[in-house]
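The numbers in the sequence shown follow the numbering used here, run straight up by one, and end at 1005. A virtual CB, placed ideally from N, CA and C, is assigned to each residue, including glycine.
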Amino acid sequence: MRLFLYIKETYSTQLAFQFLSDIHRLRNGGDDYSEEPVEVHHVEEAFVDSLLSGAKSHPQDVLLKLQKENLYKQEAEENSRFVHKLGLYKLQCCLLMNGLVHEPNEDATMNAMNDELPRIQEQVYYGHIQSHTDVLEKFLSESSYKRYNPSITGKSTEKKRFVSLFASYHQEDSVLHDISYLHSHGTGDDAKPVTHLLAVDLSSVTGTKLLHEAIRYLMDGSNTARVGLLLYARSDSVSTILLMKDIIDRTISSFSGKEKVLDFLYGLCKYYEGQHMAASSAAGDTLSSIKDKVYSLAAETGLPVDDYKAWLASFSADTILKGIDKLSDFLFGQLGLEFGSNAVITNGRIFVVDDGDSFLNDDLGLLESMEYELRTKYIHEIIEEVEWAGVDPDYLTSKFYNDITMLVSSSMSIRERPSERAHFEILNAEYSAIKLNSMNSSVHIDAVIDPLSPAGQKLSPLLRILSRQIQPSMRIVLNPISSLADLPLKNYYRFVLPSMDDFSSTDFSVHGPTAFFSNMPLSKTLTMNIDVPEPWLVEPVVAIHDLDNILLENLGDVRTLQAVYELEALLLTGHCMEKDREPPRGLQFILGTKQRPHLVDTLVMSNLGYWQMKVSPGVWYLQLAPGRSADLYELPSKLIAIDSLRGKLLHIEVQKKKGKEHEDLLNADDDNHVQEKTDLKDARQGETINIFSVASGHLYERFLKIMILSVLKKTQRPVKFWFIKNYLSPQFKDVIPHMALEYGFEYELITYKWPTWLHKQKEKQRIIWAYKILFLDVIFPLSLRKVIFVDADQIVRTDMGELYDMDLKGRPLAYTPFCDNNKEMDGYRFWKQGFWKDHLRGRPYHISALYVVDLAKFRQTAAGDNLRVVYETLSKDPNSLSNLDQDLPNYAQHTVPIFSLPQEWLWCESWCGNATKARAKTIDLCNNPMTKEPKLQGAKRIVPEWVDFDAEARHVTARILGEHVEEIAEATPPSSESDAPKPDHEDSSQDAKDEL
10 MRLFLYIKET YSTQLAFQFL SDIHRLRNGG DDYSEEPVEV HHVEEAFVDS
60 LLSGAKSHPQ DVLLKLQKEN LYKQEAEENS RFVHKLGLYK LQCCLLMNGL
110 VHEPNEDATM NAMNDELPRI QEQVYYGHIQ SHTDVLEKFL SESSYKRYNP
160 SITGKSTEKK RFVSLFASYH QEDSVLHDIS YLHSHGTGDD AKPVTHLLAV
210 DLSSVTGTKL LHEAIRYLMD GSNTARVGLL LYARSDSVST ILLMKDIIDR
260 TISSFSGKEK VLDFLYGLCK YYEGQHMAAS SAAGDTLSSI KDKVYSLAAE
310 TGLPVDDYKA WLASFSADTI LKGIDKLSDF LFGQLGLEFG SNAVITNGRI
360 FVVDDGDSFL NDDLGLLESM EYELRTKYIH EIIEEVEWAG VDPDYLTSKF
410 YNDITMLVSS SMSIRERPSE RAHFEILNAE YSAIKLNSMN SSVHIDAVID
460 PLSPAGQKLS PLLRILSRQI QPSMRIVLNP ISSLADLPLK NYYRFVLPSM
510 DDFSSTDFSV HGPTAFFSNM PLSKTLTMNI DVPEPWLVEP VVAIHDLDNI
560 LLENLGDVRT LQAVYELEAL LLTGHCMEKD REPPRGLQFI LGTKQRPHLV
610 DTLVMSNLGY WQMKVSPGVW YLQLAPGRSA DLYELPSKLI AIDSLRGKLL
660 HIEVQKKKGK EHEDLLNADD DNHVQEKTDL KDARQGETIN IFSVASGHLY
710 ERFLKIMILS VLKKTQRPVK FWFIKNYLSP QFKDVIPHMA LEYGFEYELI
760 TYKWPTWLHK QKEKQRIIWA YKILFLDVIF PLSLRKVIFV DADQIVRTDM
810 GELYDMDLKG RPLAYTPFCD NNKEMDGYRF WKQGFWKDHL RGRPYHISAL
860 YVVDLAKFRQ TAAGDNLRVV YETLSKDPNS LSNLDQDLPN YAQHTVPIFS
910 LPQEWLWCES WCGNATKARA KTIDLCNNPM TKEPKLQGAK RIVPEWVDFD
960 AEARHVTARI LGEHVEEIAE ATPPSSESDA PKPDHEDSSQ DAKDEL
C-alpha cells in the first residue's frame, strides 16, 4: 500500500494502478484464475518494472529508502483503519460505487453502472441533482449505513432470527427482572428504545472480545440504547472465570450509575482478555492478581475499594454456578441458543457470533441505528403516548418504558411482515379520498388505487369484502393517471371469495360464492377467463358456447351462459441451485411414486434455476432423471407431500459427484431420450411423426381438425399430435379421442403454467403466441426428441415424414423464410427496411406458421433459456415483439441459430403469389393485410381440397356429438383474428375483444 501511495503522489494515479496490475500479472503467471497469494518478490518486481523507464534514480534505491524511512506508513495505516471501520475488511476485494458494495469483476461493474445511471438521471430530471451537487454525499446522506455488515442490514442470504421475550418476562423469578443495564455516561435516566442483551461465554475468546467491544460501544456514546449482560461459563470453569462474572455482575448492579463505571469495566476486560485467557498461571496466583487489579482500577475510577474487598472475601464458586443454572435455562431453553455460543439479542432479534468471527462496537452501533429506525422508534412513540391508568406513577420510570418497548418490539418481531413500509399519513387527500369511519374498529386500512388499472380492478372488490367482514376504518385515495391515450381496462372483473354471505340466515342451506355481471354489451365479442391462484391449473370441462367468442345477442332465449371449470392439477415448482455455481441448466428431474418413479419429468432453466411439474394431492418422490443428470450430480430421492391446495415451492441444492466437477451437463447428448413407440391398430409403420399445434375458439378448432386430416391422408407413418390444453374447448376435448380412434393417430394434451418471474402478456392472443416459442424445452416430455409445429389453419400436401427426417445441420430450429416474389406486398415487408434490415444483417426473416424443433439440440444448447432472456429484455416495451411468436426467434437467431427450410415447405398466397403454388408442400391461410379477406372465405377459394376436408371433419364431429352438420356451421362465428406480420408503422394488435 505504501508503494502504491508513493507512485500515486510522485508520478500519477494511472501508473499506480498499473503497478497493481503488474502485481496481479506476476502473481498469476498468465493464469487469470490462479489463486496464489501475493509474495514480497511479486510486489518488489512490479515496483521496479513500473518505475524503470521514468525514475530519476534506480527503483531499487527508492524501494530501500521507502523501507528504511517508513514513508507513507501513517497514510497506509489510516486507510486500513478506514476499511476496518466500514466493515469491508472481511471482503478480500470489493467495488464501491456511490456507497453500494458490489463484486469486484467486470460484469458487476457494468451492472452497477447500469443501475446507477437511471437513478442519477431521475434525480437530475427532478432537479434534485444540479451542477454543484456532490452526488456521493447526497446519496450517502439519504439512504446509507455507517458500516457494511450484510447480516445486520438484511442483505445476506441468512434468514433473520427473532424471539419474543414477553412470555419469559412474565414468568415468576424471570432472569429479565434481575438484569441491571449499562448506559452511556450521563444517559442513565433517558428513554432507551433499543435494548442489547449480550449472552457471553466468559470461558471463550470470542465471548471475552464481545464483552470488551460492548463496553467500548457504550464508552463511544449511545443515546438510544442500553446494554444488559448475561454472563455464563461452563460448570467446570476455573475459579478465575467465575470470579470475573461475580465482579462484573456486582459492579453493574451496584455502580451502574457511577460516572466512571465503564472505565472500570473496560480496564478489567482488557486486563482479563490480555493476561488470563491463556491458563498458564497457577490458579492461586491468578486469583490474587485479579484482586489486585480490581482494587487498583476501583481506586483509579473512584469506586469504593472496601466494597470490592468485602465481595471478594465472601466469593463462592458454588453460589455463582447456581445463578448460571438459572441463566442457562433462559438462554438455552427459552431463547434456543446452543450451549457455548455467544449472541447479541436486540429487541428480540438474535445474532449468534460464531467462534472466529468478530462483532465490534461499530457493529453494535449499526445494529442500534437499524433497529431504531425500522422498528422500535415507532413502537416507543406509541408507548410514550399511552395513558397508564391504574399504574402507580412511581413505576413510570425510564426503565419501565424501556422494558415495555423491548417486550412489545420483540413480540411483534416474530410476525412475518414485508420489509417495505409505506407512510400513508403524509398523503394530502382532501378532495380525492373516500373515508369510511368505524368508531369501534381497531383496524385501519389505507388504500391508494388507480381506479382504471388492472390492480385497482382486483383490489376494489377485496376492499369491499373487508369492509363487510371486519368493519375497519378505511381511507381510499383515488390516484388515476393524469392523461390517457387509451382506456387501460378492457375487461369486466369480479372477485369471488367465500364469506358469511354464502350461508343462509333462515335455514341451513349454503350458497356458493357467486359473481354477477349485469348490463353487459350484447353486440361486443367477449372472452371468458378465470383468474385463479398461481398454483392452480384450471380448465373448462363443460361449455356449450364458444368461450373465446361470446356474442350475447346470439344466445336467443337463453338468459344465462353456463360453463363448468375444473381444478385439473396443482403446481410443484422450485428453484435448483448448484453450490457456489450458476443454476445447473438442463438438469433433469423425474417425479413419481415408489412403484412408478417416472410419471412426469422436467428440466431446470438457467433463469433462476426454475422448474415446475403438474401434481395432484398425495405423496411423491422427486429424483434426478437417469442418464447424464444422474451420472454427473448427486441428489438423494426427496419425499414430497402435496397436502394443501397451495401447491408447493421447493429450493433444491445439488452438487456434482467427485471427479465430475469439470464436466458440462449440456456438452453431450443424453442417452435417456428414447423415441416413443406407437401401438396403433392400423397399418402405419415407421418412426412416429410428432406434430404440435395450438388453437383457441371453435373457429380455429374447426381449422385444426382439417389440418389433422390433411396430415394423416398424406403419410403412412404413425402420427402423434400434441395440443396445448389451456385453450381447447370442452367440445374439442370430447371429440378428439373419438377422432384418434377412428383415424388411427395418437394425441396428448400438454400445458405449462406461465412462471411468475417471467413478464406476462395481457392479451390472450399474445399469450398463445408466447406458448408457441417460450417453453419448448419444458412443455414436452424429456423423451421427445423432435417435433414439428403446424398452424391450425394450415393444409398439408405432402408426407410430413420428409420434413421430420430432414437434417437441420445442427441447428435447434428450422423455419421457412418469407416469400418475396409477390411484388404487390413489398410495402408490407417490414424486415426489408429500418430496424429489422440492420439487425438481420443479411439473414432471412422467417414465418412462424410451420417450424421444426430439434428438442435434443434445443435443450443441449439451452436455446429455451436464451430465448426467455431475450424475451424478458424486449417484452416490457409495448412497441416490441409485435408478432411475438415470429419476431422473437428471428431477433434471436444470432444466438439461437435457425436452419432455413426450402421455400416450398410453406406457401402463402399473400406473400408468395400463385406462380409457386403448384410446388407448395403446405399452404397457410395467412391474412392478407391488403384485402383482409375472412379466413373461411379465403380457405374455400385458395385450397380446393379444403371444402372436402371441412365437410368430412364436420360430419365426424356431428356424429360424435349427436348433432346436425348445419347446426355446427351456424354456430361458427366469423373470423376475428389475425396472424399475419404487419409493417413497423402499422398497429399489429388483434381486433379488440373485451374479457369477461
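Residue i in three-state terms, based on DSSP
i, result
"P549", "strand"
"N232", "coil"
"W397", "coil"
"Q803", "strand"
"K3", "Residue 3 is absent from the model: the chain starts at 10 and stops at 1005."
"L817", "coil"
"P159", "helix"
"Q478", "helix"
"P445", "In the sequence as presented, Pro is not what sits at residue 445; that position holds Leu. Note: L445 maps to strand in three-state DSSP."
"D743", "helix"
"D372", "helix"
"I359", "strand"
"Y630", "strand"
"T19", "helix"
"L793", "coil"
Nearest-angstrom Cα separation, counted from residue j out to residue i
i, j, result
"R794", "V861", "11 Å"
"V628", "G96", "47 Å"
"H747", "D640", "42 Å"
"L546", "S160", "39 Å"
"S469", "R503", "9 Å"
"D652", "W766", "25 Å"
"V236", "L191", "5 Å"
"Y736", "E151", "50 Å"
"K331", "D116", "58 Å"
"N937", "Q842", "20 Å"
"K946", "L910", "According to the sequence as given, residue 946 is Gln; it is not Lys. Rounded to whole angstroms, Q946 to L910 spans 29 Å at the Cα level."
"V551", "I559", "15 Å"
"S378", "P887", "43 Å"
"I16", "L149", "30 Å"
"F13", "N79", "14 Å"
"L785", "H141", "54 Å"
"R473", "Y501", "17 Å"
Test item: CB-CB of residue i and residue j under 8 Å
i, j, result
"Y756", "V787", "no"
"L1077", "L612", "This structure gives no information on residue 1077, because the portion of the chain shown stretches from 10 to 1005."
"G810", "G695", "yes"
"I715", "F958", "yes"
"K832", "W840", "no"
"I698", "R726", "yes"
Cβ distance (whole Å) where residue i is taken to contact residue j below 8 Å
i, j, result
"D808", "T724", "4 Å"
"S213", "D364", "7 Å"
"E380", "N356", "6 Å"
"L561", "M537", "In fact, because the Cβ distance is near 11 Å, the residues do not count as touching under 8 Å."
"L897", "L876", "6 Å"
Close Cβ partners of residue i (< 7 Å) along its chain, the five nearest in sequence each way excluded
i, result
"L185", "L174, S177 and Y178"
"A578", "L546, K623, V624 and S625"
"G521", "D511"
"I188", "G237"
"N446", "S482"
Sequence-distant residues of the same chain with beta carbon closer than 6 Å to residue i, five excluded per side
i, result
"S193", "L227, G230 and S231"
"A524", "R503 and V505"
"Y709", "A801"
"A326", "S248 and L251"
"V457", "V486 and N488"
"S419", "S173, L174, N356 and G357"
"L369", "E222"
"Q23", "none"
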